[in-house]
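Q: Residues in the sequence shown are numbered consecutively from 349, following my numbering.
In this text, a Cβ means the ideal position worked out from N, Cα and C, and glycines have one as well.
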Amino acid sequence: MSQSTDPASSFLKDQVGIDENLHAGIFVALQTVYGKQIEVSHLKSFGIEGLKALAESVKLEQRDRPRSNHRPFKMIHFRIPHHKSAFDLPWRLGDSILDVAKSPDGALLLGEYMEGTCGGQKSCCTCHVYLDEKLLSLVPPPDKGELDMLDLAYEPNMESRLGCQIRLTPDLLQQIDNDSPVTVTIPADVNNVWT
Ligand code: FES
Numbered sequence: 349m350s351q352s353t354d355p356a357s358s359f360l361k362d363q364v365g366i367d368e369n370l371h372a373g374i375f376v377a378l379q380t381v382y383g384k385q386i387e388v389s390h391l392k393s394f395g396i397e398g399l400k401a402l403a404e405s406v407k408l409e410q411r412d413r414p415r416s417n418h419r420p421f422k423m424i425h426f427r428i429p430h431h432k433s434a435f436d437l438p439w440r441l442g443d444s445i446l447d448v449a450k451s452p453d454g455a456l457l458l459g460e461y462m463e464g465t466c467g468g469q470k471s472c473c474t475c476h477v478y479l480d481e482k483l484l485s486l487v488p489p490p491d492k493g494e495l496d497m498l499d500l501a502y503e504p505n506m507e508s509r510l511g512c513q514i515r516l517t518p519d520l521l522q523q524i525d526n527d528s529p530v531t532v533t534i535p536a537d538v539n540n541v542w543t
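#1: Using three-state DSSP, classify N526 as helix, strand or coil.
#2: Going by DSSP, which residues form a beta bridge with T465?
#3: Alpha carbons only, please: which of S471, A434 and P438 is nearest the one belonging to H418?
#4: What are the boundary residues of the beta strand (DSSP E) that includes A434?
#5: Is T531 helix, strand or coil when you go by DSSP?
#6: For L510, which residues does DSSP report across the bridge?
#7: For V541 versus I514, is the C-beta distance shorter than 9 Å?
#8: Near L500, which residues of its chain fall below 8 Å by C-beta distance, leaving aside the five closest residues on each side in sequence?
#9: On the criterion of 16 or more Cβ atoms from any shown chain inside 10 Å, does V381 qualify as buried, or is it exposed?
#10: Any idea if A449 is buried or exposed, counting beta-carbon neighbours within 10 angstroms, 16 or more meaning buried?
#11: Do you know how far the Cα of G398 is from the Cα of K392?
#12: My understanding is that D436 touches E368, with C-beta atoms under 8 Å, so please give their C-beta distance in whole angstroms.
#13: Considering just the uninterrupted stretch of the alpha helix (DSSP H) at H390, what are its terminal residues?
#14: Any idea if D354 is buried or exposed, counting beta-carbon neighbours within 10 angstroms, 16 or more meaning buried?
#15: Beta-carbon within less than 6 Å of E494's beta-carbon, same chain only, minus the 5 sequence neighbours each way: which residues are those?
#16: At the level of alpha carbons, what is the spacing between S350 and H371?
#17: So, for T531: in the same chain, excluding its five sequence neighbours on each side, which residues have a beta-carbon less than 7 Å away from its beta-carbon?
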């Protein structure tokens, strides 16, 4: 049984037998038909055979991408509670969470939520996210510059971090379980203090 909390991902994995690494690409493809939030009912109406064919094309597309995209990765489960949306995206070795949002699939799903205005200089708050307890315990604590910026973010709490400062290091890669993606939650609004 899948440990994913996203019903659409669980359906793809448990009912159709599609590998989790292909889910984000499938959701992006289906969004052109069904809109931003993919529901299990959408998947069912696409049909099992249709989903399997789509998975094959996503697999081929992933295989043909530039070599840099074949870096090892872990999955991040993104939650956007104020839009009742959730999906998984790959987090590649060396990338920050903001880099995930800037990737081709991430830009479609997260572009409007994580602008990254200052380009990772800890000067804008537009990459503010909430990390789950597990990820929070695995990453180094914020430095003074990040803390100062988090003070200015929209509704910061103890789980707040700047997405541009959280990178998938080799250590972190080993500590995150493939069957249990870490969860990153998008705040309900954004303060942009970039000047
Ligand atoms: S991108 Fe500006 S603080 Fe992270």
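A: So, from the listed chains and residues:
#1: coil
#2: Paired residue(s): none; T465 is not in a bridge.
#3: P438
#4: S433 to R440
#5: strand
#6: H476
#7: no
#8: C473, N539 and V541
#9: Taking all protein chains in view, the Cβ of V381 is surrounded by fewer than 16 other Cβ atoms within 10 Å, so the residue is classified as exposed.
#10: buried
#11: 9 Å
#12: 7 Å
#13: Per DSSP, the unbroken alpha helix (DSSP H) holding H390 starts and ends at V388 to F394.
#14: buried
#15: If the five residues before and after E494 are omitted, its C-beta is found closer than 6 Å to the C-beta atoms of K470, L510 and Q513, all from its own chain and listed in chain order.
#16: Per-residue confidence for S350 stands at a pLDDT of 41, beneath the threshold of 50, marking its modelled position as unreliable; the derived number appears in the next sentence. Distance between the alpha carbons of S350 and H371: 13 Å.
#17: H425, R427 and D480
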